[in-house]
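Visitor: First residue of the sequence shown? That's 2 in this note's numbering, and the numbers climb one at a time after it. If you scroll down you'll find the structure; I have some questions about it.
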Amino acid sequence: MTMREDQLLSQLKALKRIKPNRDWVSLTKREIMGEEPKLSFFSLPRFALVGVMTVFVLFGFFGYSFVKNSLPGDVLYSVRKAVHEGKAYFVSNEEKPVFQLKLANERLKDLANAPVRNLAPTINEFQANMLEAAKNLENVKFSTSSPETMKEIVRETKKLEENKQKVESLGVVIDESGTSELENALRKIVSDSITDLADRASTEEEMDILESMEKLFEEGKYSEALEIYLTSQNQ
Numbered sequence: 002m003t004m005r006e007d008q009l010l011s012q013l014k015a016l017k018r019i020k021p022n023r024d025w026v027s028l029t030k031r032e033i034m035g036e037e038p039k040l041s042f043f044s045l046p047r048f049a050l051v052g053v054m055t056v057f058v059l060f061g062f063f064g065y066s067f068v069k070n071s072l073p074g075d076v077l078y079s080v081r082k083a084v085h086e087g088k089a090y091f092v093s094n095e096e097k098p099v100f101q102l103k104l105a106n107e108r109l110k111d112l113a114n115a116p117v118r119n120l121a122p123t124i125n126e127f128q129a130n131m132l133e134a135a136k137n138l139e140n141v142k143f144s145t146s147s148p149e150t151m152k153e154i155v156r157e158t159k160k161l162e163e164n165k166q167k168v169e170s171l172g173v174v175i176d177e178s179g180t181s182e183l184e185n186a187l188r189k190i191v192s193d194s195i196t197d198l199a200d201r202a203s204t205e206e207e208m209d210i211l212e213s214m215e216k217l218f219e220e221g222k223y224s225e226a227l228e229i230y231l232t233s234q235n236q
């Protein structure tokens, strides 16, 4: 056996002792088995943990008020956005629509105070939050979602309508694309609730509620229709 063959054999033996990264093994196993990854602070991949920890370090370094009051276009807004993305790691699928609706409401509040130079990027961020909220609402299962989640959706949607009116009263023009997507998602949820009530309505009171919901549905007042339904469920 030559010296070159000895070196090759030694290298092959060394390769056998190399172990794959545990995070990679875990992720690959879940993909092969078709399992949904279970995210928690301690089970996040290392790169994700580093990102989340960096977010909170930056948040503490720059200070709460400076970051919170920053607007799209400002230097510190990237930190504020990173904080939101860090929080998203800990939001369950059921809570995601409410989380995005709250971010959209924050953007509307920003618009009410934003200088002209920050209007366009802030509107873009608002539209992005609205589209993300609409996408998450499309996955909401009316029959399995908790009443608390549905109530939160109604509250945040009504806030959106009120805040949007305030912003528009200041002369700020907002494209309706994100808003229309959200309305379509709400429309489906309200339609499902009307179908549910129609299938089991037996009393005069339930029939009156159904009639009121159908009227609001035709008028496009989806938040009000859903609010009536949820209130009737608690009676």
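C-beta: ideal position from N, C-alpha, C; glycine also. It should be emphasised that the depicted structure is a prediction, and the values quoted were computed from it without experimental measurement.
1. Would you call the stretch 165–178 in contact with the stretch 118–128, where contact means no fewer than 3 C-beta pairs closer than 8 Å?
2. With a Cβ-Cβ cutoff of 8 Å, do residue 198 and residue 230 count as a contact?
3. Along the chain, where does the alpha helix (DSSP H) that runs through residue 218 open and close?
4. Going by CA-CA distance only, name the one from 102, 209, 116, 114 that's closest to residue 156.
5. Specify, as a first and last residue, the run of the alpha helix (DSSP H) that residue 169 falls within.
6. Identify which residue in 228, 140, 87 has its Cα closest to the Cα of residue 183.
7. Could you tell me how far apart the beta carbons of residue 165 and residue 113 are, in whole angstroms, since I believe they sit closer than 8 Å?
8. Less than 7 Å between C-beta atoms, sequence neighbours within five positions excluded: which residues of the same chain meet that for residue 225?
9. For the stretch 115–123 against the stretch 89–98, are there 3 or more C-beta pairs whose distance is under 8 Å?
10. Whose C-beta lies closer than 6 Å to the C-beta of residue 107 among residues of the same chain, with five residues either side of it excluded?
11. What are the start and end residues of each continuous alpha helix (DSSP H) run of 4 or more residues lying completely inside the stretch 66–129, in chain order?
12. For residue 189, which three-state DSSP category applies?
13. Just to confirm before moving on: does the CB-CB distance between residue 161 and residue 109 stay below 8 Å?
14. With a threshold of 6 Å on Cβ separation, who are the neighbours of residue 74 within its own chain once the five nearest residues in sequence on each side are excluded?
15. So is residue 70 buried or exposed if we call it buried at 16+ other beta carbons inside 10 Å?
16. How about residue 186 and residue 105: do their beta carbons lie closer than 8 Å?
17. Using the C-alpha atoms, what's the distance from residue 80 back to residue 147?
18. Just confirm the distance between the C-beta atoms of residue 194 and residue 227, as a whole number of angstroms; I'd bet it's less than 8 Å.
19. Taking 8 Å as the cut-off, decide whether the C-beta atoms of residue 189 and residue 137 are in contact.
20. Between 72, 154, 163, which has its C-alpha nearest residue 100's C-alpha?
21. Is DSSP giving residue 175 helix, strand or coil here?
22. Taking only three categories from DSSP, how would you classify residue 145?
Guide: So, from the data block:
1. yes
2. yes
3. 205–219
4. 102
5. 148–170
6. 140
7. In fact, because the Cβ distance is near 10 Å, the residues do not count as touching under 8 Å.
8. 217
9. no
10. none
11. 78–89, 97–114
12. helix
13. yes
14. 119, 122
15. exposed
16. no
17. 33 Å
18. 6 Å
19. no
20. 154
21. coil
22. coil
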